[in-house]
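First the structure, in the form of structure tokens, and then the observations on it.
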Amino acid sequence: MLKPHSGVTPIRMSHSQAESVIKNIIREIGQECAMKGQTVSETLVAFMVKAVVLDPRNEFNVDRTLTKNDVQKLIKLCVSRLLDTANPSLDTIKMQVYFDMNYTNRVELLNEQHRILEARLAPVSREITDNRARTREELESIYRKIVSYVLLRSGLGSPTDIKVVREATAALQSVFPQTELGVFLSLSKKDKERQLKELTMIVTGIRLFNKDCGKGGEGIDDLPAILNEAIPAATQPIDAELRASQDLAYRYTAVLEMMCESPHRNIEARLSMLKEALFNVRQHEAFLCIILPIFLALSNLWTSFQDEILLLSFLTNLTVSLQQFLGIHAQLFPDDVMESLLEGVTVKSDEQRIKETIGIKVNISDFKEQEWLFPETTANFDQLLIQYRGFCAHTLAEKDGLLLPGNPAIGILKHKEKYYTFSSKESAYVFSKTPDMFIQLIGEKAKECAELIQLLELHHQFESLAPCSQVRSGDKRSMKPITKCNSSTQTDTHILPPTIVKSYEWNEWELRRKAIKLANLRRKLTHSVQTNLSHLRRDNSTQVYLLKDFGTQTKLDNSSNVPRPQIFLAGLRGGSTPATCMVKVNLTRAVDET
Numbered sequence: 192m193l194k195p196h197s198g199v200t201p202i203r204m205s206h207s208q209a210e211s212v213i214k215n216i217i218r219e220i221g222q223e224c225a226m227k228g229q230t231v232s233e234t235l236v237a238f239m240v241k242a243v244v245l246d247p248r249n250e251f252n253v254d255r256t257l258t259k260n261d262v263q264k265l266i267k268l269c270v271s272r273l274l275d276t277a278n279p280s281l282d283t284i285k286m287q288v289y290f291d292m293n294y295t296n297r298v299e300l301l302n303e304q305h306r307i308l309e310a311r312l313a314p315v316s317r318e319i320t321d322n323r324a325r326t327r328e329e330l331e332s333i334y335r336k337i338v339s340y341v342l343l344r345s346g347l348g349s350p351t352d353i354k355v356v357r358e359a360t361a362a363l364q365s366v367f368p369q370t371e372l373g374v375f376l377s378l379s380k381k382d383k384e385r386q387l388k389e390l391t392m393i394v395t396g397i398r399l400f401n402k403d404c405g406k407g408g409e410g411i412d413d414l415p416a417i418l419n420e421a422i423p424a425a426t427q428p429i430d431a432e433l434r435a436s437q438d439l440a441y442r443y444t445a446v447l448e449m450m451c452e453s454p455h456r457n458i459e460a461r462l463s464m465l466k467e468a469l470f471n472v473r474q475h476e477a478f479l480c481i482i483l484p485i486f487l488a489l490s491n492l493w494t495s496f497q498d499e500i501l502l503l504s505f506l507t508n509l510t511v512s513l514q515q516f517l518g519i520h521a522q523l524f525p526d527d528v529m530e531s532l533l534e535g536v537t538v539k540s541d542e543q544r545i546k547e548t549i550g551i552k553v554n555i556s557d558f559k560e561q562e563w564l565f566p567e568t569t570a571n572f573d574q575l576l577i578q579y580r581g582f583c584a585h586t587l588a589e590k591d592g593l594l595l596p597g598n599p600a601i602g603i604l605k606h607k608e609k610y611y612t613f614s615s616k617e618s619a620y621v622f623s624k625t626p627d628m629f630i631q632l633i634g635e636k637a638k639e640c641a642e643l644i645q646l647l648e649l650h651h652q653f654e655s656l657a658p659c660s661q662v663r664s665g666d667k668r669s670m671k672p673i674t675k676c677n678s679s680t681q682t683d684t685h686i687l688p689p690t691i692v693k694s695y696e697w698n699e700w701e702l703r704r705k706a707i708k709l710a711n712l713r714r715k716l717t718h719s720v721q722t723n724l725s726h727l728r729r730d731n732s733t734q735v736y737l738l739k740d741f742g743t744q745t746k747l748d749n750s751s752n753v754p755r756p757q758i759f760l761a762g763l764r765g766g767s768t769p770a771t772c773m774v775k776v777n778l779t780r781a782v783d784e785t
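The sequence shown lines up with residues 192 to 785 when you count with the numbering used here.
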């Protein structure tokens, strides 16, 4: 609100009315500028209004109410400054407004791009996750949609390019064959979306690997090469502009210093304009310095691309080098030999073996001392370091080194801070009875077949045979399980230190007793006085205490003693006569004699 001019009645208004007036002022300023051939944005006008109001030379007071004359004066000043295109101050304000409206940091920019990508992919994702395909044609159609989704999400090639689609389809089939569509469609919507994202990442990695090997990569741009050319092309003009702005700033500063020392020079009239020009180039310099770190980040990204290329080259060479160690078993067991050995045998994959035991779990009540972990009760279940690289511990020891994949869903046995999985419920029960014996058997088998030490990660049992990578990086620590349990917490009733009032009483009767004691009503009488004028006009009453019933009680301690019985019998031992004659003599004293 602004200070009213003398002789003008101020207009009092509410907050909402003030906002409406300000909007009208901004709109009127914009219309007047447009009529005079200058198009300005509402943000620029609002900034200018604030600048004009804050300028003390314009004699506005924010503590006073806005008047009609104030409105007209404000509009006139703002229009005048917005139409002064030869003023560096206006360019500086325009630069600031533009930068504030268009600049965003890297995180916000990338998040916005990701949000736009998700919005564009949402219809395609819904077509896949909401589909209830049954026929063969419908399944093929949804599989093609999955390929298109992977290409659109990764951004590596166009889904309309046949070569790109073929390459992406081949990569997808290697990890997600079309026969798995039935299982995919049976998942929940959330699990489908999660699996689509995982498939996109896997297919993207495969295509990038194939591109580096020279076996694919159709439609994939060479981002490192593009950045290698784009970063210098973008930074060089910015550096040139920055140097130019800095040179101008240095010149303007020198002139202003000279004018301050010699204020009577002829160019003193341009002092204000030079300051505004200095502000302009300094603002330009500041914004360019903000933009340059972004290009430094791009340069670092380019460096990271170089690192990734180096790593990718290393992994490629390592993968190719591993091929030389696979020739012997192919010579010992060629295809014809294997076909004869597999006659009548059903070949099962690890996934098929795990699916056969879905829903089977050990019963915790059958074990009193062992600890079992399950997915629903352990938060970091998938991150636990399973012994023997996840193979069934019982089968490994019982069948002389047979490697069968264990199913963690059956239950993970925790024994001496190590975790073991099993291929069946029966194997879990047998191993849990004597785990130390089976562990020792596996150790003995590893001594016979030294390759099992590296394969089963038994370095803790054979420290002298630990791999070099582990020696350099130190022992690999197993992750502790984070088990889930029902728990509850309670906030203290009194957060602040308690203030106890010793004289407080909660008992109503105790309070009454204290009140009577303080008033000492037992020694007081209630009096009433009545005059002739008030006779028979109101009820009078008196109150007295009734007499109390008194009683006393005495206590008498007394005792009595009865005589001790004294009875004697004679003649029990017999005598000279054949018949026994017993005589009973009672010498007990009478009661009155005691």
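Even for Gly, the Cβ is constructed at its ideal location relative to N, Cα and C.
Start and end residues, alpha helix (DSSP H) containing L387:
Stepping through the sequence shown from its first residue, residue 387 is reached at position 196. Run containing L387: K380 to C404, per the alpha helix (DSSP H) assignment.
Answer with buried or exposed for H651, where buried requires no fewer than 16 other C-beta atoms within 10 angstroms of its C-beta.
Here the question's residue 651 lines up with position 460 in the sequence shown. With fewer than 16 Cβ atoms within 10 Å of its Cβ, H651 is classed as exposed.
Measuring CB to CB, does F582 end up less than 8 Å from L595?
As a position in the sequence shown, residue 582 is number 391, starting the count at 1. As a position in the sequence shown, residue 595 is number 404, starting the count at 1. A contact, by the Cβ cut-off of 8 Å.
Which whole-angstrom value describes the C-beta separation of E467 and S280, a residue pair presumed to lie in contact below a C-beta threshold of 8 Å?
The sequence position of residue 467 within the sequence shown is 276, counting from 1. The sequence position of residue 280 within the sequence shown is 89, counting from 1. About 4 Å separates the two Cβ atoms, so the contact holds.
Give every residue of the same chain whose Cβ lies closer than 7 Å to the Cβ of A421, excluding the five residues on either side of it in the sequence, and list them in chain order.
As a working mapping, residue 421 is identified with position 230 in the sequence shown. Correct list: empty, nothing qualifies.
Using the rule of at least 16 other Cβ atoms within 10 Å of the residue's Cβ for burial, across every protein chain shown, is H305 buried or exposed?
Within the sequence shown, the letter at position 114 stands for residue 305. Burial call: exposed.
Tell me whether the segment 427 to 442 and the segment 474 to 483 touch, counting them as touching only if at least three CB pairs, one residue from each stretch, are closer than 8 Å.
yes
Sorry if obvious, but does the Cβ on I481 come closer than 7 Å to a heavy atom of the ligand GDP?
Absence of the ligand GDP is noted for the structure shown, with no ligands found whatsoever.
If you pair each beta-carbon of the segment 359 to 375 with each one of the segment 331 to 349, do three or more pairs fall below 8 Å?
Yes: the two stretches touch, three or more of their Cβ pairs being nearer than 8 Å.
Taking 6 Å as the limit between beta carbons, can you name the residues of its chain near I213, skipping five residues before and five after?
Translated into the one-based positions of the sequence shown, residue 213 becomes position 22. Result list for I213: empty, nothing under 6 Å.
Give every residue of the same chain whose Cβ lies closer than 8 Å to the Cβ of A324, excluding the five residues on either side of it in the sequence, and list them in chain order.
Stepping through the sequence shown from its first residue, residue 324 is reached at position 133. Contacts found: L330, S332, I333, L372 and L376.
Please report the distance separating the alpha-carbon of G550 from that of T612.
Start at 1 with the first residue of the sequence shown, and residue 550 comes out as number 359. Start at 1 with the first residue of the sequence shown, and residue 612 comes out as number 421. Taking the straight line from one Cα to the other gives about 15 Å.
Assigned secondary structure, A431 (DSSP; H/G/I helix, E/B strand, else coil):
Along the sequence shown, one-based indexing puts residue 431 at 240. Helix, per DSSP.
Given this structure, state the Cα-to-Cα distance separating S339 from V356, to the nearest angstrom.
On the sequence shown, position 148 is the one that residue 339 refers to. On the sequence shown, position 165 is the one that residue 356 refers to. Rounded to the nearest angstrom, the two C-alpha atoms are 8 Å apart.
For L312 and V341, the rounded distance between their alpha carbons
Position 150 of the sequence shown, counting from 1, holds the residue named residue 341. Position 121 of the sequence shown, counting from 1, holds the residue named residue 312. Approximately 10 Å, taken between the alpha carbons.
Taking only the alpha-carbon atoms, compute the straight-line gap between E210 and F400 and give it to the nearest angstrom.
On the sequence shown, position 19 is the one that residue 210 refers to. On the sequence shown, position 209 is the one that residue 400 refers to. Spanning the two alpha carbons is a distance of roughly 60 Å.
Put E562 into one of helix, strand or coil per three-state DSSP.
As a working note, residue 562 is residue 371 in the sequence shown. Residue state, collapsed to three classes: strand.
Endpoints, the alpha helix (DSSP H) within which Y340 is located
As a working mapping, residue 340 is identified with position 149 in the sequence shown. R327 to S345 is the span of the alpha helix (DSSP H), which, as asked, contains Y340.
Would the segment 243 to 254 and the segment 287 to 296 be scored as touching if the rule is three or more Cβ pairs under 8 Å?
Not touching, per the Cβ criterion.
Taking G407 as the reference, which of L647, I417, K590 and G396 has the closest Cα?
Counting from 1 along the sequence shown, the entry for residue 407 is found at position 216. The candidate whose alpha carbon is nearest that of G407 is G396.
Output needed for D412: all residues of its chain with C-beta closer than 7 Å, excluding positions within five of it in sequence on either side, in chain order.
For the purposes of this step, residue 412 is taken as the residue at position 221 of the sequence shown. None.
Pairing CB atoms from the segment 538 to 545 with CB atoms from the segment 603 to 612, are three or more of them under 8 Å?
Of all C-beta pairs linking the segment 538 to 545 to the segment 603 to 612, fewer than three are shorter than 8 Å, placing the two stretches out of contact.
Quick check on the DSSP output: the beta strand (DSSP E) that includes L760 runs from which residue to which?
As a first step, residue 760 must be located in the sequence shown, where it is residue number 569. L760 -> beta strand (DSSP E) spans I758 to A761.
How is the alpha helix (DSSP H) around N260 delimited, first residue to last?
In the sequence shown, counting from the first residue as 1, residue 260 sits at position 69. From DSSP, the alpha helix (DSSP H) with N260 extends over K259 to L273.
Could you name the residues of the same chain whose beta carbon sits closer than 6 Å to that of F774, not counting the 5 residues immediately before and after it, in chain order?
Start at 1 with the first residue of the sequence shown, and residue 774 comes out as number 583. Note that residue 774 is Val in the sequence shown here, rather than Phe. So the qualifying residues of the chain are A761 and G762.
How many angstroms separate the CA atom of A424 from the CA atom of L300?
As a working mapping, residue 424 is identified with position 233 in the sequence shown. As a working mapping, residue 300 is identified with position 109 in the sequence shown. Distance between the alpha carbons of A424 and L300 is about 21 Å.
For F786, which option in V621, G634, Q287 and P599 has the closest C-alpha, if you only look at C-alpha atoms?
The structure shown has nothing for residue 786, since the chain only spans 192 to 785.
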